[in-house]
Each structure stands twice: as structure tokens, then as C-alpha cells.
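Trainee:
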RNA sequence: CGGGGCGUGGCUCAGUUUGGCUAGAGCGCUUGCUUUGGGAGCAAGAGGCCACAGGUUCAAGUCCUGUCGCCCCGACCA
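In our numbering, the protein residues as written are -2 to 410.
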């Protein structure tokens, strides 16, 4: 991609509308723009990052045996009346009446829809167990949207649902999803604290929250520095080892629930067991805030100059900075390297703008691509270019012919 | 919804306290010349219903009333 043609409006100054670091950097690096409070557009590089996060989630969910589907976000309120949550979720649901006079809503979550679907399609114990998931836009008329993507009214969630014959089966799938979440967050470079949590409005018998420690978090976590125990309860001494607890702010990035038969009971999702008895399906549900994960990744991967993308998530693998694009030789070398890497399947962003070096360095720092190739007239006269890593700004000189090889080697590490 | 802050060219803000001539700065944008290893210099230009509506006044960005929008603190949640 040529930066001169890329829609990535970067901002030099801190936008007034943003308070949290991640929100500021998302706006400054040209990843997102606000339409109204709690509603955001993803610009091309923001969408690239979002797609990368989703790819990781899909890989791990598929590896755990979950099957992807896509449920409608347009839903009849009648379904919510049946589950009993139409009044419970009253404040938060976006509702309206369609032209036929039917009361509709935009899905704030999908337990009702998936349970309804499964209730019609699953009748026998032979069809279980089953794990289904989707990556979908959710709509919640939040009382107070804040911190950009951390709490927004329209956001992207990965939600999975497990369906089992009995409690034991559900426990197994719950463990499977728990482990998948650990794997996902590790690959997203998100260091999670896992907490046994309240089931709240979702209902059910058990639940775990995956929390990322971050300044702009909305939740407070009490952490034991000695044994690692964590809880959302405000307690002074660790119940496991007796050491002192300290409080930290955190972003809830994932939440998993043992639902049991709450929804299968109210929505009549029954199956016939091997003895011919009709029983409610035992369910679990598993959510990840995908767009929120994007915010959390930035929150935990940045420095004073901008974002530092983890390798699996970065919108581009490599940035090429010809410091003087009007210098014929610099331009030629830059485009040669660009073509070599691109044909090797590397995502490259070439800063071909006629800007001064300072502007290019500042933007590159802000955008946060993990490696950059700096092409300057001085090093070029020695037949070398420089390879600089974003995270520690370390630089090494590389002969021009060896650049593609060096980059491919770096990317493999 | 309750409490607090804010709203002035694309962005960051000054000016509002104490009303007064033609509404400002820096950055960005356009054109030209010079420059080219960490957000350049000079010159010329474009761009504003001072959030919106009503009111007070000889006179309103500035005072009053209402509305809308954004941010922060609380209940809610991925």
C-alpha cells in the first residue's frame, strides 16, 4: 500500500474528545472516527486490525471444534418476551415497530435467537454436543458510552454457545472454551487476569471473567501479589494465602457462563434421550468483546510516540520510509524493496509522500508497524538501508540486496 | 437519569470575568520558491451564521432562558 493514496488520516495533536490513551491513539493513528457518542466507523487500517483479531479468534474457536454461523441482528421482541428478558433488558435494547406494526429490536446479545434456532433443529441426543459461534455486531443503548471502543452502543462481539446432554458435558465444553480463551488472549498479546464472577443478567450456575489490567478500565480488580489470586470483590487479605491485596483498574475482555437450562427451559429447547425422555438442553455461552479487544491491545501496547502493534495484529508487517522521495535513487530502492516484499506476500506500507523525514518518522511511530526500513541518502551511498524495530527503536544497517531476506527472517521470528 | 466540564475555520486553542470598531493565533489545506535523518522557512491565498433557537441592549462570541452535542464521575456490561 502506498501511503500517499491510503485513507489513514493521522492527527498530530491530542483530540479533545478523547481522554483515555487507547482512544486518543486510535483517533490519532487514523483507525476509527466517531459518528455520534458510542458509535464508530472503522477506517481501512482499523478494519485491517479488526480482521486480524477476528482471524485469530476464528482459528482458535474452530480448533476447539466450534462451528461458525451468523445470526440476525434484527429480532422480534416476542422472542424476548418468551425468555422473560424483554423487560429485564428494557433500558438497553434498541427497539422500534416495523411497518406491519410488529415490535422489533436490534440484538444486544443472541441467547434467545440461538436457543430458538437450536430448539427447532435439535431433537435427539444424537445431535449433541454442539458448539456454535458467530462474530456479530451488537446494539446496546448504553446509559453512558465511554472510552471510545471500550463501551460503545454498536460493537462487535464473538459469542459462542454450547449445547449438551447434561451438566457433565457442559462442564467439558466450558473447560474447552476456557482453554480456547486463554489461547486467544495469549495470541492477542493480552495479559489476562481470570476471575470467578457473578452471572448477573445472563443467569446460570458459574462464570469466569477475563480481565486486562489497564488504566482506562471500568472495573476494579483486587489482586494478590503473592499467589496471583484475583477477584472483583473489595477485600484486604487474600483468601488463598493471606497476603495483602492491591486494587487495579481492568477492562473486561471476555466472559463465559454456565447457563444450564435457563434458556432451553423457557424457549423449549428439548431433546429426546436414549430412553425416550424429553429433557432441556444444557447450555453455556462465551463472549469476547472484539472491538473492545482492539482498544485493550492498544492500551497495553504503546509508548509516548504511538502504538506498538503485536506482530499478529498489525495492519502492515513492514513500513518503508524513503526519507527523500524526490531523490531518484532513494525512490527506486524503496519501490524495488516494496515490490520484492509484496510479491513474497508481505503486507507493506510505503511512505511515498513528499514529506520531510521528521513527518515520516512521527507518523510511522504513531501508526506503530513493528519494523521499518529507512532509506536515506547517506546510508544509500554505502549501499545499505536501515532496519528499525518499533518497540525499542533499535537500528541495524543492512546491504540493499539483503533486505528482503532480513525482513522475511524477522517476520518468521 | 443525577453531578461536573466543555462547544469559536479541518485540528488544538485565545478572546467570554468587566458587552464596543473589520473575530484572532498556531498547526493543517492550496500555489510558488527555498529546504530535506525527527512534525521546515519565506511569500501569496482559501476557509467562520462564534453549537442551535429565542430574549435583553444603541450594540452580543461575550449577558439571560431554553434546546442539542461531546467529555468526565455514578448504576449497566463484552
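Glycine included, each C-beta is placed from N, C-alpha and C at the ideal position. From a predicted model like this one, the values you see are computed outputs, not experimental measurements.
(1) May I have the straight-line CA-CA distance separating residue 392 from residue 93, to the nearest angstrom?
(2) Using the C-alpha atoms, what's the distance from residue 120 back to residue 154?
(3) Following the continuous alpha helix (DSSP H) through residue 41, name the residue where it begins and the one where it ends.
(4) Can you list, in chain order, the residues of its chain whose CB lies under 7 Å from that of residue 113, leaving out five sequence neighbours each side?
(5) What would DSSP say about residue 20, mapped onto helix, strand or coil?
(6) Helix, strand or coil for residue 38, going by three-state DSSP, please let me know.
(7) Going residue by residue through the stretch 286 to 319, where are the continuous alpha helix (DSSP H) segments of at least 4 residues, counting only ones entirely within it?
(8) Grab me the residues of residue 277's own chain with a C-beta within less than 7 Å of its C-beta, minus the 5 sequence neighbours each way, in chain order.
(9) Would the beta-carbon of residue 279 fall within 8 Å of that of residue 151?
(10) Quick one, are the C-beta atoms of residue 185 and residue 18 less than 8 Å apart?
(11) Just to confirm before moving on: does the CB-CB distance between residue 363 and residue 314 stay below 8 Å?
(12) Taking only the alpha-carbon atoms, compute the straight-line gap between residue 21 and residue 15 and give it to the nearest angstrom.
(13) Identify which residue in 319, 297, 273 and 344 has its Cα closest to the Cα of residue 123.
(14) Between the C-alpha atoms of residue 72 and residue 138, what's the straight-line distance to the nearest angstrom?
(15) What does residue 242 pair with, by DSSP beta-bridge criteria?
(16) Tell me the rounded alpha-carbon separation between residue 382 and residue 400.
(17) Starting from the C-beta of residue 269, find all residues in its chain whose C-beta is less than 7 Å away, skip the five residues before and the five after it, and write them out in chain order.
(18) For residue 415 versus residue 144, is the C-beta distance shorter than 8 Å?
(19) Determine the burial state of residue 84: buried for a count of at least 16 other Cβ atoms within 10 Å of its Cβ, exposed for fewer.
(20) State buried or exposed for residue 379, treating a residue as buried only when at least 16 other CB atoms are found within 10 Å of its CB.
(21) Which two residues bound the contiguous beta strand (DSSP E) that contains residue 323?
(22) Quick one, are the C-beta atoms of residue 350 and residue 322 less than 8 Å apart?
(23) On the three-state DSSP scale, how would you describe residue 31?
(24) What distance in whole Å lies between the Cβ atoms of residue 215 and residue 205, which are believed to be in contact at a cut-off of 8 Å?
(25) Using C-beta distances below 6 Å, list every residue in its chain close to residue 159, excluding the 5 sequence neighbours before and after it, in chain order.
(26) Just tell me which of 58, 109 and 51 has its CA closest to the CA of residue 79.
(27) Taking residue 166 as part of the alpha helix (DSSP H), name the residues at either end of that continuous run.
(28) Whole angstroms is fine: what's the gap from residue 0's alpha carbon to residue 7's?
(29) Contact between the stretch 219 to 234 and the stretch 42 to 58: three or more CB pairs below 8 Å?
(30) Tell me whether residue 207 is buried or exposed, calling it buried when 16 or more other Cβ atoms sit within 10 Å of its Cβ.
(31) Measuring alpha carbon to alpha carbon, tell me which of 219, 62, 371 and 212 ends up nearest residue 177.
(32) Among all the DSSP beta bridges, which residues are the ones paired with residue 192?
(33) Check each candidate in 182, 305 and 229 and name the one with the smallest Cα separation from residue 366.
(34) Take residue 95 and list the residues in its own chain whose beta-carbon comes closer than 6 Å to its own, dropping the five residues that flank it on each side.
(35) Count the other CB atoms within 10 Å of the CB of residue 135; is the residue buried (16 or more) or exposed (fewer)?
(36) For the alpha helix (DSSP H) holding residue 161, just list the boundary residues, first then last.
Mentor: Short version:
(1) 57 Å
(2) 28 Å
(3) 41 to 60
(4) 76 and 264
(5) helix
(6) strand
(7) 287 to 297
(8) 258, 261, 262, 266 and 267
(9) no
(10) no
(11) no
(12) 5 Å
(13) 273
(14) 15 Å
(15) 221
(16) 8 Å
(17) 120, 121, 122 and 275
(18) There is no way to answer for residue 415, as the model of the chain reaches only from -2 to 410.
(19) exposed
(20) exposed
(21) Neither: residue 323 is in no beta strand (DSSP E) and is coded neither H nor E.
(22) yes
(23) strand
(24) That belief does not hold up - the Cβ atoms of residue 205 and residue 215 are roughly 18 Å apart, past 8 Å.
(25) 128, 170 and 281
(26) 109
(27) 164 to 184
(28) 11 Å
(29) no
(30) buried
(31) 62
(32) 206
(33) 305
(34) 101
(35) buried
(36) Here residue 161 belongs to no alpha helix (DSSP H); instead the beta strand (DSSP E) covers 151 to 161.
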